[in-house]
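J.: Chains as they are written, first to last, in our numbering: chain A, -18 to 96; chain B, 125 to 238.
This is the structure I want to talk about, given as structure tokens.
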């Protein structure tokens, strides 16, 4: 499968615990994005990487959230001290492009439930 | 701030019917518009991408149009099938001048009844 891969698919955690999600983009894609989707809503932008550089972070990304993309390959999204409001689907997407936008391909998402 | 609205929020049709889903956006300064399909509990599958300079795109039974000046797009599905049942999301890029960030609508939940 050469699409965007996300792991784990589901994560249940207790409030206050830390969680980490992984995204493996399509191999030649230089752009990587994280979005968050809550029930009944469209996905909301969280952050964007071009290669290994994190170029934009949404105000939705509080200081408990951190994302990395070492060597411009896979990416991780960590949430520290989880809260019930963090329960959502976390979606990763990738695309190939520099000055222009090209089609973004999304992974299957990681469903986080904080109890 | 870009806002994307999708109407209707839900639609139920009998199999075989042609249907239209609507998407509107408040800021016409977009780079492009993308339609996605999302099955329950799953990620997003890209259906069609329309560049800002284009008026429409077609793929199989799907046809998407874009009227950038009026801030509107439609997704036309011909001869609907039960397998088309899903949530359809519209997204535009270009918010705040960035050519990478997508702003999504809340989606239209489509049910095609056999």
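Backbone N, C-alpha and C define an ideal beta-carbon position, used for all residues, glycine too.
Within 7 Å of any Cβ in chain A, is that where the Cβ of residue 166/B sits?
T.: Within the second chain, the letter at position 42 stands for residue 166/B. Yes, contact with chain A.
J.: Over what stretch of residues does the beta strand (DSSP E) that includes residue 52/A continue unbroken?
T.: To locate residue 52/A, count along the first chain from 1; it is residue 71. Here residue 52/A belongs to no beta strand (DSSP E), and DSSP marks it neither H nor E.
J.: Please identify the residue among 223/B, 234/B, 197/B whose C-alpha is closest to the C-alpha of residue 207/B.
T.: Your numbering for residue 207/B matches position 83 in the second chain. If we check each option's Cα against that of residue 207/B, 234/B comes out closest.
J.: Count the C-beta pairs between the segment 64 to 79 of chain A and the segment -15 to -2 of chain A that are closer than 8 Å, then say yes if the count reaches three, no if not.
T.: Yes, they touch.
J.: Near residue -17/A, what residues of its chain come up, given a Cβ to Cβ distance below 8 Å and the 5 sequence neighbours on each side ignored?
T.: Taking the first residue of the first chain as 1, we reach residue -17/A at position 2. 7, 8, listed in sequence order.
J.: Quick one: measure Cβ to Cβ for residue 173/B and residue 84/A, integer angstroms, because I've assumed they're closer than 8 Å.
T.: Translated into positions along the second chain, residue 173/B becomes position 49. Translated into positions along the first chain, residue 84/A becomes position 103. So it is a contact: roughly 5 Å between Cβ atoms.
J.: Leaving out the 5 sequence neighbours to the left and right, which residues in its chain are closer than 6 Å to residue -9/A when beta-carbon positions are compared?
T.: Taking the first chain and counting its residues from 1, one reaches residue -9/A at position 10. For residue -9/A, where only same-chain residues beyond five positions count, the Cβ hits under 6 Å are 92.
J.: If you draw a straight line from the alpha carbon of residue 136/B to that of residue 190/B, how long is it in whole angstroms?
T.: Position 12 of the second chain, counting from 1, holds the residue named residue 136/B. Position 66 of the second chain, counting from 1, holds the residue named residue 190/B. Approximately 24 Å, taken between the alpha carbons.
J.: According to DSSP, residue 138/B sits in a beta bridge with which residue or residues?
T.: Along the second chain, one-based indexing puts residue 138/B at 14. 237/B, per the DSSP bridge assignment.
J.: Under 7 Å, do residue 95/A and residue 56/A count as touching if we go by C-beta distance?
T.: For the purposes of this step, residue 95/A is taken as residue 114 along the first chain, with counting starting at 1. For the purposes of this step, residue 56/A is taken as residue 75 along the first chain, with counting starting at 1. Not a contact, by the Cβ cut-off of 7 Å.
J.: Classify residue 52/A as buried or exposed, calling it buried when 16 or more other Cβ atoms lie within 10 Å of its own Cβ.
T.: The sequence position of residue 52/A within the first chain is 71, counting from 1. That one is exposed.
J.: Taking the Cβ atom as the reference point for each residue, do residue 62/A and residue 45/A lie within a distance shorter than 7 Å?
T.: Position 81 of the first chain, counted from the first residue, corresponds to residue 62/A. Position 64 of the first chain, counted from the first residue, corresponds to residue 45/A. Contact: yes.
J.: Between the Cα of residue 184/B and those of 202/B, 210/B, 159/B, spot the shortest distance and give me the residue it belongs to.
T.: In the second chain, the residue the question calls residue 184/B occupies position 60. Cα-wise, what sits closest to residue 184/B is 202/B.
J.: Expressed to the nearest angstrom, what Euclidean distance is found between the alpha-carbon atoms of residue 175/B and residue 162/B?
T.: Start at 1 with the first residue of the second chain, and residue 175/B comes out as number 51. Start at 1 with the first residue of the second chain, and residue 162/B comes out as number 38. So the two alpha carbons sit approximately 21 Å from each other.
J.: Under a CB-based cut-off of 7 Å, is residue 228/B close to chain A?
T.: Walking along the second chain from the start, residue 228/B turns up at place 104. For residue 228/B, the answer is yes, since a Cβ of chain A falls inside 7 Å of its Cβ.
J.: If you reduce the DSSP assignment to three classes, tell me which class residue 208/B lands in.
T.: The sequence position of residue 208/B within the second chain is 84, counting from 1. Of the three classes helix, strand and coil, the one that applies to residue 208/B here is helix, per DSSP.
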